[in-house]
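One structure is given here, and the rest of the page talks about it.
Have a look at this one:
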């Protein structure tokens, strides 16, 4: 017979989960996730280091390109410096040759840097040249202008216009006269006498301006027209109306009756100033 002793039946133990245990489990899970995130972050940093490393292909290419550009720039700077200092500068090129206002032999007088002293000396040199009788010769001044700052590679010679000449010689011509004149003018020699031709743009203002200029004209034009100021005893120049072979003119004489300065007009286009009656008449007649 079966043993009457009751065997104790062991029931499986139930696992009891407390709130504390559940919380600890969740923390472990969170820590594991954080650890994975940290690993991924470290991995990304390592990849970035490789990508931006000075030894990376992209950075090496960029470095070589930068070095090449620097060397190229240095070479260009050296070349420009050598070109400017190691070679002989070419002669200046004339920029525009002014046309003579009447037929004549034309000479260029290069001044370099234009000054009053250089112009005075140049006029004396031209006057000392032996010219043919009854032949008109003329000359014009040029000065050097550097155009390197404008992108060019050479200096050019610029002809002096009448306003530039007046400025350099400190001529006190009235503003009314200056505004009525063209930039064109002519300085010439006839039978060893200097003459100046001014081209008119506004006749009425030019005539009035000349009358205003008379008081200082002899002193202003002394070097330009080789006027002997020692022959003038009066402080204020007094011009008078006169006729030169039926040609109206304004004349300045000294007390001995010698002609110091005389000027006349060719129609409404030109003013001729000189120191001799016969020269005034001849030049006016030759003007077209």
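In full-length UniProt numbering, the protein residues as written are 1 to 288.
For each residue, glycine too, the CB sits at the ideal point set by N, CA and C.
Note that the structure is a prediction, hence the values are computed from the model and not measured.
Taking the alpha carbon of residue i as the point to measure from, which residue in the options has its own alpha carbon closest?
i	options	result
residue 258	195, 136, 233, 221	233
residue 160	145, 65, 228	145
residue 221	244, 196, 205	196
residue 265	252, 253, 256, 280	280
residue 192	128, 250, 263, 277	128
residue 237	199, 250, 245	250
residue 248	104, 165, 273	273
residue 133	189, 179, 164	189
residue 292	223, 240, 175	Nothing can be reported for residue 292: it is not among the residues displayed for the chain, which extend from 1 to 288.
residue 226	121, 101, 104	121
residue 246	211, 67, 208, 278	278
residue 256	263, 230, 242, 241	230
Which residues mark the beginning and the end of the alpha helix (DSSP H) in which residue i is found?
i	result
residue 283	277 to 286
residue 325	Residue 325 lies beyond the stretch modelled for the chain, which goes from 1 to 288, so this question has no answer here.
residue 227	Taken as a continuous stretch (DSSP letters only), residue 227 belongs to no alpha helix (DSSP H), as it is neither H nor E.
residue 166	162 to 168
residue 173	Unbroken run through residue 173: none, as it is neither H nor E.
residue 206	203 to 213
residue 218	217 to 220
Would you decide whether residue i is buried or exposed? Buried here means 16 or more other CB atoms lie within 10 Å of its CB.
i	result
residue 157	buried
residue 84	Annotation note: pLDDT 49 at residue 84 (below 50); position unreliable, coordinate value reported separately. The residue is exposed, with fewer than 16 neighbouring Cβ atoms inside 10 Å.
residue 27	No answer about residue 27 holds up, because its pLDDT of 49 lies below 50 and its placement is not dependable.
residue 288	exposed
residue 125	exposed
residue 270	buried
residue 268	exposed
residue 112	exposed
residue 282	buried
residue 65	exposed
residue 181	buried
residue 142	buried
residue 284	buried
residue 167	exposed
residue 103	exposed
residue 138	buried
residue 91	At residue 91 the pLDDT is 49, less than 50, meaning the model places this residue with poor confidence; the figure from the coordinates comes in the next sentence. When all chains shown are included, residue 91 counts as exposed.
residue 73	exposed
residue 198	buried
residue 67	exposed
residue 275	buried
Name the DSSP bridge partner or partners of residue i?
i	result
residue 248	243
residue 185	198
residue 192	Beta-bridge pairing links residue 192 to no other residue.
residue 253	259
residue 290	Given a span of 1 to 288 for the chain in the structure shown, any question on residue 290 remains unanswerable.
residue 145	156
residue 138	106, 188
Could you spell out where the beta strand (DSSP E) holding residue i opens and where it closes?
i	result
residue 159	155 to 159
residue 108	105 to 110
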